[in-house]
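In the numbering used here, the protein residues as written are 4 to 376.
Quick reminder that beta carbons are idealized off the backbone N, C-alpha and C, glycines included.
In what follows, a single structure is set out as structure tokens and then discussed.
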């Protein structure tokens, strides 16, 4: 009797988890590929490297995961960053332009300096976005739209309107190289995600970000430097986009100021939303964002696998995203699966949200010596 009663409760707890539907859709998309590619789940070793569809999905989805992780913290503060695609282009353009001017493109010192210049430019863009949003009070969508438009023009100026190609083995390692049989980019993404999780879940930083997103003015009044938090997350988002820019240009050994990172900001926002983070700010999920980014990349792979015409692939992608978002909607589930199912989910969600103010207050007490900005 106990076993029969605990099984439904465990199933309800599983289906009420915020990652259940994104993971379910991800698994479904992976299974859809099997009839068209029977060896879809097979992973083979060749020349000391692992190859397979699953490896390719993570490899090509790595830049999106990076951008989406940075976007998560920005959205958690109630903002948005439309400039990440332009930052991707600027970073890759600067790095490749510098390397192409070197007599020895394979010199490690020159590659490291090129990467440093690119990432520095990315951080500067992020600081500018944060300054406009936090200090000047400009709406995030307008503030970041400036670099979205002007930044791609800057990338075109850096490359002189041409596609810059390079031949540098050290630089190629970032996005196209392998280490310990796996693509090196996977380790880069894992490191960034791990650092983000540690900083936001093992320190008070995550609570501060959620507090600012929940109510920036109240956070400021209790002593949280909300403006500095906002500037910091925009800089971090730009840094993630910069690393993605290095990865994309490294994978192709070329910098394309016009097409590099084009519309990646929209895919990143979709990944964050699919992962369960609200665009209104507040509570966020880095793990959900990673799953959301994998859903987007798997969907792209599936579109090409099943032979969807290229003219309609964006419509197909939009349809799947709509389905995922609807499955995450309590009102939609109430109409489809019944009110009792949706009520249980809503109760758990309210319980989680109720814990946020308490956590924010604890974070504020731990930072009682902070000055009011």
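Which residues in the same chain have their Cβ closer than 6 Å to the Cβ of residue 215, if we skip the five residues on either side of it in sequence?
For residue 215, where only same-chain residues beyond five positions count, the Cβ hits under 6 Å are 80, 222, 229, 232.
Just verifying my parser: in three-state terms, what is the DSSP assignment at residue 180?
In the three-state DSSP reduction, residue 180 falls in the coil class, being neither helix nor strand.
Own chain residues within Cβ distance below 7 Å of residue 358, not counting five before or after
The predicted position of residue 358 is uncertain, since its pLDDT is 45 and thus under 50; a value taken from the coordinates is nonetheless stated next. Correct list: empty, nothing qualifies.
Could I get the ranges of all uninterrupted alpha helix (DSSP H) runs contained in the region 103-183, with 4 residues as the minimum, in chain order?
Every alpha helix (DSSP H) stretch that sits fully inside the region 103-183 and reaches 4 residues is listed by chain position as 111-133, 143-161, 172-179.
Keeping to the same chain, check which residues put their C-beta closer than 8 Å to that of residue 51; ignore five residues upstream and five downstream.
Non-local C-beta neighbours of residue 51 in its own chain, meaning closer than 8 Å and more than five positions away in sequence, comprise 181, 184, ordered along the chain.
If you drop the 5 nearest sequence neighbours on each side, which residues of the same chain put their C-beta closer than 6 Å to that of residue 60?
Correct list, in chain order: 300, 301, 304.
Cβ neighbours of residue 268 in the same chain (closer than 6 Å, five flanking residues each side left out):
So the list reads 85, 87, 88, once near-sequence residues are dropped.
Beta-bridge partners of residue 48, as assigned by DSSP
Residue pairing from DSSP places residue 48 in a beta bridge opposite 53.
Across which residues does DSSP place residue 257 in a beta bridge pair?
In the DSSP assignment, residue 257 forms a beta bridge with 168.
Would you mind working out which of 135, 160, 140, 159 sits nearest residue 149, comparing C-alpha positions?
Restricting attention to 135, 160, 140, 159, the CA atom closest to the CA of residue 149 is found in 135.
At a cut-off of 7 Å, would you count residue 227 as near the ligand FAD, judging by its Cβ distance to the nearest heavy atom?
Annotation note on the ligand FAD: not contained in the displayed structure, which lists no ligands.
Less than 8 Å between the beta carbons of residue 271 and residue 67, yes or no?
The answer is yes: Cβ separation under 8 Å.
For residue 127 and residue 247, believed in contact at Cβ under 8 Å, the rounded distance
Contact annotation, residue 247 with residue 127: C-beta distance approximately 16 Å; criterion of less than 8 Å not satisfied.
Which residue spans inside the region 208-252 form an unbroken alpha helix (DSSP H) run of at least 4?
Within the region 208-252, the complete alpha helix (DSSP H) segments at least 4 residues long are 208-217, 219-224, listed from N- to C-terminus.
The region 91-107 / the region 142-162 touching (three or more Cβ pairs under 8 Å):
The region 91-107, when compared against the region 142-162, does touch it at the 8 Å Cβ threshold.
Do the region 270-284 and the region 37-56 meet, that is, are 3 or more Cβ pairs less than 8 Å apart?
Judged by Cβ distances under 8 Å, the region 270-284 makes no contact with the region 37-56, as fewer than three pairs qualify.
Proximity below 8 Å, CB of residue 288 to CB of residue 188
Cβ distance not < 8 Å, so residue 288 and residue 188 don't count as in contact.
Thinking C-beta only, is residue 25 closer than 8 Å to residue 294?
Yes; because the gap between Cβ atoms is below 8 Å, this pair is in contact.
By Cβ distance below 7 Å, which residues in the same chain neighbour residue 252 in space, the five residues on each side in sequence not counted?
The residues are 95, 98, 99, 258, 263.
Could you check which residue in 314, 325, 274, 176 has the C-alpha nearest to that of residue 255?
The residue with the shortest Cα to Cα distance from residue 255 is 176.
Beta carbon of residue 143, beta carbon of residue 82: below 8 Å?
It is a contact, given that the beta carbons lie within the stated cut-off.
Can you look up residue 282 in the DSSP assignment and give me helix, strand or coil?
Reduced to three states, the DSSP call for residue 282 is coil.
With DSSP as the reference, label residue 38 as helix, strand or coil.
If DSSP states are grouped into helix, strand and coil, residue 38 belongs with coil.
Reducing DSSP to helix, strand and coil, say where residue 186 ends up.
Secondary structure at residue 186: strand, using DSSP grouped into helix, strand and coil.
Spatial neighbours of residue 376 within its chain, please: C-beta separation below 8 Å, excluding the five flanking residues on both sides.
In this predicted model, residue 376 has a pLDDT of only 37, less than 50, meaning its place in the structure is not dependable; the value taken from the coordinates is given anyway. These residues qualify, in order along the chain: 223, 228, 229, 230, 231.
Under the three-state DSSP convention, the category residue 100 falls into:
The DSSP-derived three-state label of residue 100 is helix.
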